[in-house]
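Chains as they are written, first to last, in the numbering used here: chain A, 207 to 687; chain B, 3 to 312.
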């Protein structure tokens, strides 16, 4: 007997296409080739016939469906367990920083003050060589390497880039970072940089550098206190947080990064206190200062028994995301064989996040007496330093999620010398720096792994130092993995 | 007149469809998983399997809903004097939704039919913390299976390196989306049991997939890039839940009469459950919660975040 479908029948018939559609959906998604997709109706019919063998009691069907959900959940749990158990202990990450730069002039940041028309004759009698400017001002990358260090008398430097003013492509750094969770509250980190550079006289110029090798232990339940041992980031100021190319908004470091972004060896702690972590205290006990290794200071392995103590306290006094900090460090001079004379730094900083805008600023001063005795081991001669003032103010603005702009102003007023200027024979050399810098940059975030950055650095001199043609255009293609 | 074959045909089709959906692919997946058990699943395989299970679970739930609709219709036919074939016995209506109280944006409308058949009561009481205060505390009815929140979507924004809202209560089956309004990348994830998910890294303007939270319980949500970002989502099994007032009192309506399990929860405290005898005149319950000290959480790989991942 045939009859037209009633309301129930129409409802049921209406469900048929839906069920058929649902039935073919996963298979269609899995099909790799068009011809592999089975005819949906035929398959639905075959399954329909097969399904006739199962009980049609609806409660049983629902129970069957629930059982299938349970089975699927069980299978998912088992798979998750397998994935968890086979989770790698060590994670490997890092980046490749490929760049292109074009310096102005010879790419050298200093000039020699010499001859009868010298500009600063007051130093002539005390130092054999006097230089004006800033060796590291024409920076081309996040490592702080200068386009060229020049060929000046009295010293044979490792000029890692030595572009002599030519525009050049460069692989700034290939970084490999290993992290391993040794315990739920202990993390080991090692960061290794590979730096390909020009060789000379049949030698390869490439070198490598271990800049982080640390164990971080978080002894408290909250995880807000960390104790570090090894070679780690400094606690001075804020710039060390984005000293690496993959962390830095722009390309180059500030003029004072050389004093604060080194990675010393020793012990360190940091603790975040209060609601919203409004107070952060950090301290370190290290071989030497937090200066960078390529500068005149820095002790990787200590040559004296005294150690350097440094610390920072920061607060967030306002309900906005603005952190204000004060830092200081004190310890024996780097490279000195004894702990008699101290090198010190003090500074203040601010760091604010205001939506797409980041505001960063730092000011510091410091000093070290250098050589004060008559005779020093030629391999352990401490440099003297009078950092009268130095600092920067930087504004990073992500205009869109893809495009960011950077503006930074830098200042560095410092004197650095080698030798004892009070000795009868005088000192070796003297660097007088009165430098300012204006930097404009752009950042293009292509995707999570690819960032393109470019900067133009205008370096200017003041205080009687003539203008040195050492502006730099530099760029970076950052590939993170 | 014989109308039995039609429901039978549909039921067969439903079962067949589910078999196609759940059985055949899963067999393939099972075989695949067996083959790869030696090497262990890759992240992509794991994500694929998880996605398939989620899809299949959704489809099965849709099937259940279709069945439920069918029976509601049949029930209505019966109640309105529709023709019933002689000798045909309607299957019992499955015990599906527990009627609820609309306590939040995701609450379900009550089922009139169920309301007529299930006596309901009101549970009142008080929630307090053993030490300190409580913020965003809720009381909900557990061990029931209400209607799921098909098609309902909750949006949790990521802005200024924070989730907003940071606490949410949703009915099981709710879709949750996490749009990024910051000019930097976020990677939202959760490792909370069956509600685990990992959306990968994305930025403003990119739309990640919605997450379907099907399993009742607490879902802790984090960003794999910024350790300080966190949110807590309570997935409730039915719409019978209520927010605790500032003075600690609560009033939970539409609780089915009988011995019922209630749970008090706050993101800053350990949840406490209690069995309550609910009568037509109501019930009483009071909870004392132990507040939790702030605890560090791991990233999506199960590792500590390390320095300055804020």
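Backbone N, C-alpha and C define an ideal beta-carbon position, used for all residues, glycine too.
- Beta-bridge pairing by DSSP links residue 382 of chain A to A:300, A:398.
- Cβ-Cβ separation between residue 370 of chain A and residue 313 of chain A: approximately 7 Å, consistent with a contact (criterion under 8 Å).
- Under the Cβ distance rule, residue 549 of chain A does not count among the residues neighbouring chain B, no pair being separated by less than 8 Å.
- Counting other Cβ atoms within 10 Å of its Cβ, residue 445 of chain A reaches 16 or more and is therefore classed as buried.
- Rounded to whole angstroms, the separation of the alpha carbons of residue 679 of chain A and residue 646 of chain A is 10 Å.
- The beta strand (DSSP E) runs lying completely inside the stretch 166-225 of chain B and spanning 3 residues or more are 169-173, 176-179, 188-192, 199-204, 213-215, 219-225, given in chain order.
- As the crow flies, the alpha-carbon of residue 670 of chain A is around 10 Å from that of residue 338 of chain A.
- In this structure, the alpha-carbon of residue 439 of chain A lies about 18 Å from that of residue 299 of chain A.
- Residue 286 of chain B is outside the set of residues whose beta carbon lies under 8 Å from a beta carbon in chain A.
- Neighbours of residue 422 of chain A in chain B, taken as residues whose beta carbon is under 8 Å from its own, are 306, 308, 309 in chain order.
- Out of B:246, B:247, B:238, the CA that lies nearest to the CA of residue 263 of chain B is found in B:238.
- With a threshold of 8 Å between beta carbons, residue 601 of chain A makes no contact with chain B.
- Under a criterion of Cβ atoms nearer than 8 Å, the residues of chain B adjacent to residue 604 of chain A are, in order, 185, 186.
- Note on the stretch 651-676 of chain A: whole beta strand (DSSP E) runs with a minimum of 3 residues are 656-667, in chain order.
- Take the alpha-carbon of residue 218 of chain B and the one of residue 301 of chain B: they are about 23 Å apart.
- Taken in chain order, the members of the stretch 553-581 of chain A whose beta-carbon sits within less than 7 Å of a beta-carbon on chain B are 561, 562.
- For residue 303 of chain B, the nearest CB of chain A lies under 8 Å from its own CB, placing it at the interface with that chain.
- Flagged as an interface residue toward chain B: residue 439 of chain A, by a C-beta distance shorter than 8 Å.
- Judged by their CB atoms, residue 511 of chain A and residue 545 of chain A are nearer to each other than the 8 Å cut-off.
- Going by DSSP, residue 686 of chain A is part of no alpha helix (DSSP H) but of the beta strand (DSSP E) stretching over 678-686.
- Inter-segment contact for the stretch 195-214 of chain B and the stretch 241-258 of chain B is absent: fewer than three beta-carbon pairs are separated by less than 8 Å.
- Per DSSP, reduced to three states, the secondary structure at residue 267 of chain A is helical.
- For residue 177 of chain B against residue 154 of chain B, the beta-carbon gap comes to about 7 Å, under 8 Å, which counts as contact.
- The C-beta of residue 253 of chain B comes no closer than 8 Å to any C-beta of chain A.
- Taking the beta carbon of residue 480 of chain A as reference, no residue of chain B falls within 7 Å; the closest one sits roughly 11 Å away.
- For the pair residue 685 of chain A and residue 296 of chain A, the CB atoms are not nearer than the 8 Å cut-off.
- CA-to-CA, the gap between residue 270 of chain B and residue 136 of chain B works out to about 7 Å.
- In the DSSP annotation of this structure, residue 333 of chain A is not part of any alpha helix (DSSP H); the continuous beta strand (DSSP E) holding it starts and ends at 333-339.
- Below the 9 Å Cβ cutoff, chain A contributes 427, 428, 429, 430 as neighbours of residue 296 of chain B, in chain order.
- The alpha-carbon of residue 395 of chain A is positioned some 43 Å away from that of residue 290 of chain B.
- One Cα belongs to residue 635 of chain A, the other to residue 628 of chain A, and the distance between them is close to 13 Å.
- Taking 8 Å as the cut-off, the Cβ atoms of residue 601 of chain A and residue 650 of chain A do not count as close.
- A distance of 8 Å or more separates the beta carbons of residue 543 of chain A and residue 502 of chain A.
- Using a Cβ-Cβ cut-off of 8 Å, residue 624 of chain A does not count as an interface residue toward chain B, since no Cβ of chain B sits closer than that to its own.
- Per DSSP, residue 307 of chain B is not a residue of any alpha helix (DSSP H), being assigned neither H nor E.
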